[in-house]
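Q: In this note's numbering, the protein residues as written are 373 to 591.
1. Using the DSSP secondary-structure output, state which residues sit across from residue 475 in a beta bridge.
2. Rounded to the nearest angstrom, what separates residue 511 and residue 561 at their Cα positions?
3. Quick one: grab the DSSP three-state call for residue 399.
4. Below 8 Å on the Cβ atoms is my guess for residue 452 versus residue 401; work out the distance and round it to an integer in Å.
5. So, with DSSP's three-state summary, where would you put residue 546?
6. Can the beta-carbon of residue 477 be found closer than 8 Å to that of residue 492?
7. Quick one: measure Cβ to Cβ for residue 542 and residue 587, integer angstroms, because I've assumed they're closer than 8 Å.
8. Quick one: which unbroken alpha helix (DSSP H) runs of 4-plus residues sit fully inside the region 400-445? Chain order, please.
9. May I have the straight-line CA-CA distance separating residue 526 from residue 584, to the nearest angstrom?
10. For a quick check, are the C-beta atoms of residue 405 and residue 385 less than 8 Å apart?
11. What is the residue span of the alpha helix (DSSP H) that residue 460 lies within?
12. Is the separation between the beta-carbon of residue 529 and that of residue 481 shorter than 8 Å?
13. What do you get for residue 539, buried or exposed, if any count of 16 or more other CB atoms within 10 angstroms of its CB means buried?
14. List the DSSP bridge partners of residue 514.
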């Protein structure tokens, strides 16, 4: 969780309240659901009301420590959740990890979000990092009773950016209030609601990413 001033991953994964532990090799991550190892600034804050009032250099230092001092062990993938925009957190991650496999950029259908995402694509390319693809979040609403699909916002924004910027479009994730409920409970949505449009969209995106990464890795 590289969102230093607004960490949310521990809440979503149901590991809030736990702490990082140290030993001779370094600092050990918290074990989340399905074997996911988690590190977040949230584990270091004394209370819910405690803000992180840091300038860029302090945030960059924290991210570098997370990368260098955590005993990750053998990982299949290292996923880093970044805050929106092209600030210090993203710059630090790309510069601190040589040869990073790529970035996934998430947007919503609005025109305003598309302006921000175009900058993020250019930023990523300028740092010699591959844009693996774009995901359109909150892409319409699927009625849980009848399965009818309704566009809440404008539609097609993610696909349009993908075409204009020449990057893959990974898929759309529709709105579902149960995603918020699962996050509040700290339970991965796809575990509780496997056979839903949102879960199927998630898994389709993951499959595309896995295929991309497997192809670019040396045999």
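For each residue, glycine too, the CB sits at the ideal point set by N, CA and C.
A: Once the coordinates are examined:
1. 503
2. 17 Å
3. strand
4. With 8 Å as the limit, residue 452 and residue 401 do not qualify as a contact, their Cβ atoms being about 13 Å apart.
5. strand
6. Cβ distance < 8 Å, so residue 477 and residue 492 count as in contact.
7. The Cβ separation is near 15 Å, so there is no contact.
8. Taking only runs of at least 4 residues, the alpha helix (DSSP H) segments lying wholly in the region 400-445 are 428-441.
9. 29 Å
10. Contact: yes.
11. 460-468
12. For residue 529 and residue 481, yes; Cβs fall inside 8 Å.
13. buried
14. In the DSSP assignment, the residues bridged to residue 514 are 521.
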